[in-house]
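Numbering-wise (numbering that gives the first Met the number 0), the sequence shown opens with residue 0 and increments by one.
Report on the structure given below.
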Amino acid sequence: MKITEIFEKQERTYSFEFFPPKDYSTAVKFGINAGQLMKLDPSFVSITYGAGGSTQENTFDLVDLFHNDLGFVSMAHYTCINATKEKIAYDMRTLKDMGVQNAMLLRGDPPKGAKSFPENPDGFNYGSDLIRFVKDQYDLCIGAGAYPEKHVEAKSKEEDLINLRLKVDAGADFLVTQFFFNNKFYWDFINNTQQKGINKRIIPGVIPITNYKSIAKFAQKIGVSIPDNIKKRIEPYIDKPDDMYKAGLDLAIEQCHELLDNGAPGIHFYTLNKSRAAIDLYENLSSDFKEVKTKFEKTSIPYAPQK
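If you want it as structure tokens, here you go:
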């Protein structure tokens with residue numbers, strides 16, 4: 000099933016993102032965690048892979064497992080870094096042969112250790128070009144990335160919106176955002192995309208802060224800000240894992256409730272392959288997902304999308 004077909008049936012979707020385990024011990028832990036998350040019957044799952052296309056083979060194996068063995072609507076992440084057109088064509092045929100109908104198409108990060116992107120004369124250097132190539136030749140539902148605070152490499156939000164419009168015009172069917180911690184960025188982003196004529200479903204991505212140091216480091220790297228009010232609530236528990244877990248989960252619950260109460264079309268959970276936080280978060284939101292509401296029906300909140 001294509002994810003866009005799910006959109007026709009569900010006003011709201013909830014989805015989980017995984018990455019392939021790197022070794023046997025993490026594979027065992029992943030199996031336990033993924034099994035727990037699967038009990039929640041997500042709308043779809045997505046599988047990512049490492050910088051420069053590393054672990055791509057494992058990604059395809061995992062997508063095959065989720066789709067064909069476990070029966071979940073699955074989406075494979077795919078990047079054009081280090082990929083020739085011939086390889087892209089082969090990989091898209093592989094997905095089709097698996098019966099997988101969804102792909103998240105991205106430019107991707109430089110290979111590990113590289114400071115810049117390698118030249119790719121036989122392939123593509125931008126996500127929009129990859130999307131156009133795949134859309135023209137394969138009957139796949141295509142997701143693309145969106146950045147409420149702008150992509151870290153974009154010179155301005157305007158430039159970032161122009162690049163996003165290129166991806167949509169090239170054939171992206173829906174968008175999933177990078178995680179953020181201030182919902183104002185999401186609603187402002189929705190307003191700005193609508194002004195640019197971008198009317199695809201934009202699913203907000205959320206990550207619970209269960210390990211402040213690691214998430215803060217990653218957020219800084221990708222240009223995601225952590226508001227002072229969140230820092231004040233989290234930082235006292237940096238050396239108290241149990242208390243930090245509870246504080247981070249409470250913050251994520253508050254963030255998701257606010258998003259859903261004001262018309263967000265679902266939540267995409269960045270699980271980091273850990274089940275406890277995602278399960279606890281979802282269970283606190285289950286009533287929100289069960290309620291049927293018109294998309295973007297409320298307009299009283301200042302940051303909600305304008306009709």
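Just so it is clear, CB atoms sit at the ideal spot from N, CA and C, and this is done for glycine as well.
Note that this is a predicted model, so its numbers are computed, not measured.
- Rounded to whole angstroms, the gap between the alpha carbons of Lys183 and Ile161 is 20 Å.
- Listed in chain order, the non-local C-beta contacts of Gly204 below 7 Å within the same chain comprise Val175, Thr176, Gln177, Phe178, His267 and Tyr269, local neighbours out to five positions each way being set aside.
- Judged by pairs of C-beta atoms under 8 Å, the segment 145 to 159 does not touch the segment 101 to 109, as fewer than three such pairs exist.
- By the CB criterion at 8 Å, Gly126 and Lys166 fall inside the cutoff.
- The three-state reading of DSSP puts Glu282 in helix, counting H, G and I together.
- The beta carbon of Pro207 sits closer than 7 Å to the beta carbons of Gly247, Leu248, Ala251, Ala276 and Leu280 from its chain, once the five residues preceding and following it are set aside; these are given in chain order.
- DSSP places Thr3 inside the alpha helix (DSSP H), whose first and last residues are Ile2 to Lys8.
- Cβ-Cβ distances below 7 Å link Lys1 to Gln100, Asn101 and Cys140 in the same chain, with the five nearest sequence neighbours on each side left out; the list follows chain order.
- Within 10 angstroms of the beta-carbon of Ile237 lie fewer than 16 other beta-carbons, which makes it exposed.
- Pairing Gly122 with Asp90, the inter-Cα distance amounts to about 13 Å.
- Take the alpha-carbon of Trp186 and the one of Thr192: they are about 10 Å apart.
- Contact between Arg164 and Ile201 does not hold, since the beta-carbon distance rounds to 13 Å and is not under 8 Å.
- With respect to the 8 Å criterion, Asp135 and Thr3 are not classified as neighbours on the basis of their beta carbons.
- Excluding residues up to 5 positions away in sequence, Phe15, Phe65, Phe71 and Ser73 lie with their Cβ nearer than 6 Å to the Cβ of Val44 in the same chain.
- By the CB criterion at 8 Å, Tyr211 and Ile233 fall inside the cutoff.
- Looking at the DSSP output, Cys79 sits in no beta bridge, so it has no partner there.
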